[in-house]
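Undergrad: Each residue of the sequence shown is one higher than the last, beginning at 0 in numbering that gives the first Met the number 0.
Glycine included, each C-beta is placed from N, C-alpha and C at the ideal position.
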Amino acid sequence: MTKIDTDAFLRDLYELREIGRFKTGVHRPTYSPQDMESRRWLMDRLAACGLEASIDGIGNVYGRHKGPGPHLLVGSHIETQNEAGWLDGALGVMAGVALARAGLPVDVCAFADEEGHFEGGFLGSRSIAGELTEAEIDRSRNRTDGTPLRDALAAAGLAGKKRMTLEPGRHKGFYEMHIEQGTQLEGQGLRLGVVTGIVAIWQWRIEITGMQDHAGGTTMAERRDAGLAAVRLLAAIDAEFPRISGERSTWTTGRIALDPGAPSIIPGKADVLFQFRDVSVPVLERMETGLRWLVRESNRRERCTARLEAISKAIPAVCDPAMMKALEAAAEAHAPGLWQPMPSGAGHDAQVIARKMPASMLFVPSIGGISHHWAEDTKDEDLALGVTVLGAAAERFLAA
């Protein structure tokens with residue numbers, strides 16, 4: 000049985016944590032100087048493990064195993080949300096490095112911009128899967144400051160580099176190790192989660208048009224307040240969705256922007272970004288039907304007009320049964336009774352790669368369920384157990 004050097008694995012994680020350190024977390028937004036420093040650091044680590052290291056024109060860092068197969072692809076991402084956690088993404092990449100160091104026939108990839116700093120999202124995994132067009136790169140802008148993606152790539156020294164694509168038939172499957180980003184494992188005293196499927200995120204824009212007017216001179220009876228109409232619609236959604244959603248469905252209002260946004264002006268417009276998630280397409284479709292009905296009801300009751308626009312509808316990814324079986328057997332061998340099968344409520348690069356090859360994921364607990372925040376953390380012993388189980392599962396699946 001292959002032995003994973005968990006001490007070296009933890010040292011790598013802690014060293015990577017220092018690049019862009021923010022409090023106890025990390026600030027490494029995509030293509031920032033800190034992000035590019037981390038990608039150069041990673042290339043050195045990959046080469047030290049005997050892999051052929053490279054970086055492509057979208058920022059994917061790839062370590063290619065030089066020996067015979069069958070091969071596995073293992074990885075995640077190393078950029079972070081702004082002022083966020085040190086394990087989200089980095090854990091999966093360094094787990095791949097640990098497996099390569101142990102001599103397993105794995106390729107390791109750090110996909111660029113899983114965190115979606117640029118419009119389009121999953122730029123790296125979609126690019127390597129052949130799903131990212133040059134036209135989309137031309138259109139994409141940074142969601143925070145509007146910087147064109149082409150300009151960001153040039154500033155990062157990536158302009159003109161060729162974008163790599165997956166080699167057909169090379170990989171038997173893809174494994175991604177990740178923190179749970181929730182409380183299910185910790186709350187039940189469990190140490191591992193074998194992921195059964197990755198949710199699809201369906202994203203929407205709700206635009207509500209009323210009448211901008213004076214906050215003092217316009218009576219309450221006369222008002223067409225787009226802000227209040229938005230609040231009432233969102234409250235109706237929150238009241239109705241528990242009846243039509245699945246057991247693990249979630250829904251989120253990520254932004255409410257009022258125009259003109261001044262304290263003494265009745266808002267004439269409201270722009271709402273809304274999403275819901277589930278692993279079941281029938282549940283997602285039921286939630287869409289409910290959302291459309293609620294918008295129609297809002298238009299029947301309100302003096303303001305609501306318009307619903309679909310921004311994106313992803314497809315849920317079901318994890319590969321054989322790869323899950325290998326994870327389950329390894330988990331039971333190393334942590335008997337301390338693991339469970341579970342869905343992923345977050346999106347991951349694995350859902351993109353799953354469209355090209357069998358894919359599966361392994362979760363370790365998040366302390367307090369905290370993620371996308373600098374307080375994100377996981378116990379060292381759980382990190383070490385996770386990479387040990389991943390290595391055992393990879394060996395088992397390759398031999399099957």
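For G156, is the classification buried or exposed, using 16 other Cβ atoms within 10 angstroms of its Cβ as the cut-off for buried?
TA: Exposed: under 16 other Cβ atoms inside 10 Å.
Undergrad: Are there 16 or more other CB atoms within 10 angstroms of the CB of P32, so buried, or fewer, so exposed?
TA: Exposed is the call here.
Undergrad: Helix, strand or coil for S279, going by three-state DSSP, please let me know.
TA: Reduced to three states, the DSSP call for S279 is coil.
Undergrad: For a quick check, are the C-beta atoms of T252 and L233 less than 8 angstroms apart?
TA: Yes, the pair counts as a contact, with Cβ atoms nearer than the cut-off.
Undergrad: Closest by CA to A398, which one among L103, N141, P335 and P364?
TA: Taking only the C-alpha atoms, the option nearest A398 is L103.
Undergrad: Decide if the stretch 164-180 is in contact with the stretch 85-99; the criterion is three or more beta carbon pairs, one per stretch, under 8 angstroms apart.
TA: Touching, yes.
Undergrad: Candidates L227, L257 and F275: which alpha carbon is nearest G245's?
TA: The candidate whose alpha carbon is nearest that of G245 is F275.
Undergrad: Residues in its own chain within less than 7 angstroms of A349 by CB, not counting five upstream and five downstream?
TA: Answer for A349: F173, E175, I197, A316, A358 and M360, listed in chain order.
Undergrad: Taking only runs of the alpha helix (DSSP H) that begin and end inside the stretch 25-65, which ones reach a length of at least 4 residues, in chain order?
TA: For the stretch 25-65, whole alpha helix (DSSP H) runs of length 4 or above, ordered along the chain, are 32-47.
Undergrad: Tell me the DSSP bridge mates of P340?
TA: Its beta-bridge partners are V193.
Undergrad: Please report the straight-line C-alpha distance between R142 and L152, rounded to a whole angstrom.
TA: Distance between the alpha carbons of R142 and L152 is about 15 angstroms.
Undergrad: Please specify which runs of the alpha helix (DSSP H), each continuous and at least 4 residues long, are wholly inside the stretch 88-164, giving them in chain order.
TA: Runs found: 89-100, 122-127, 133-138 and 148-154.
Undergrad: Taking the alpha carbon of A406 as the reference point, which residue from R299, A374, I54 and K378 has its own alpha carbon closest?
TA: One cannot answer for residue 406 here, as it falls past the ends of the chain, which runs 0 to 399.
Undergrad: Whose C-beta lies closer than 8 angstroms to the C-beta of E239 among residues of the same chain, with five residues either side of it excluded?
TA: Correct list, in chain order: G289 and L293.
Undergrad: Going by the beta-carbon positions, is the gap between I57 and G120 smaller than 8 angstroms?
TA: Contact: no.
Undergrad: Apart from the five residues just before and just after I200, which ones in its own chain have a Cβ nearer than 7 angstroms to its Cβ?
TA: Taken in chain order, the residues that qualify are Q274, R276, A313 and G346.
Undergrad: Around the C-beta of G267, are 16 or more other C-beta atoms found within 10 angstroms, so that it is buried, or is it exposed?
TA: G267 is buried by the Cβ-count criterion.
Undergrad: Does DSSP classify R247 as helix, strand or coil?
TA: R247 falls in the coil class under three-state DSSP.
Undergrad: Which of helix, strand or coil does DSSP assign to T288?
TA: Residue state, collapsed to three classes: helix.
Undergrad: Following the continuous beta strand (DSSP E) through K312, name the residue where it begins and the one where it ends.
TA: Segment T304 to K312, the beta strand (DSSP E) holding K312.
Undergrad: Which residues in the same chain as A97 place their Cβ atom closer than 6 angstroms to its Cβ, once the five residues preceding and following it in sequence are excluded?
TA: Excluding sequence neighbours, A97 sits near I3, F8 and V386.
Undergrad: What is the rounded straight-line gap between the Cα of V193 and the Cα of E296?
TA: When rounded, the distance between both Cα atoms is 41 angstroms.
Undergrad: By the DSSP assignment, the beta strand (DSSP E) with A83 in it spans what residues?
TA: Run containing A83: none; DSSP gives neither H nor E here.
Undergrad: Would you kindly work out how many angstroms separate the C-alpha atoms of A220 and A235, rounded to a whole number?
TA: Cα to Cα, A220 sits roughly 22 angstroms from A235.
Undergrad: Short of 7 angstroms in beta carbon distance, which residues of its chain neighbour M163, apart from the five on each side in sequence? Order them along the chain.
TA: The answer, listed in chain order, is D55, N59, Y61 and I127.
Undergrad: Please classify I205 as buried or exposed, where buried requires at least 16 other C-beta atoms within 10 Å of its C-beta.
TA: Label assigned to I205: buried.
Undergrad: State the beta-bridge partners of V271 as determined by DSSP.
TA: In DSSP, V271 forms a bridge with I205 and I255.
Undergrad: What does the alpha-carbon distance come out to for the pair Q339 and L131?
TA: Looking at the two C-alpha atoms, the distance is approximately 35 angstroms.
Undergrad: Could you tell me the distance, in whole angstroms, from the CA atom of H333 to the CA atom of E394?
TA: If you take the alpha carbons of H333 and E394, they lie about 14 angstroms apart.
Undergrad: Ends of the beta strand (DSSP E) at K378?
TA: Run containing K378: none; DSSP gives neither H nor E here.
Undergrad: Is there contact here, the stretch 303-313 with the stretch 361-378, by at least three beta-carbon pairs under 8 angstroms?
TA: Output reads no: the stretch 361-378 does not touch the stretch 303-313.
Undergrad: Taking the beta carbon of G226 as the centre, do at least 16 other beta carbons fall within 10 Å, making it buried, or is it exposed?
TA: Classification of G226: buried, given that the 10 Å Cβ count is 16 or more.
Undergrad: Closest to M322 by C-alpha separation, out of G181, A256, K161 and V73, would be which residue?
TA: Closest by alpha carbon: V73.
Undergrad: So, for K161: in the same chain, excluding its five sequence neighbours on each side, which residues have a beta-carbon less than 6 angstroms away from its beta-carbon?
TA: Only G56 meet the Cβ criterion.
Undergrad: Run the CB neighbour count on K65, radius 10 Å, all protein chains shown included, and call it buried at 16 or more, exposed below.
TA: It counts as exposed.
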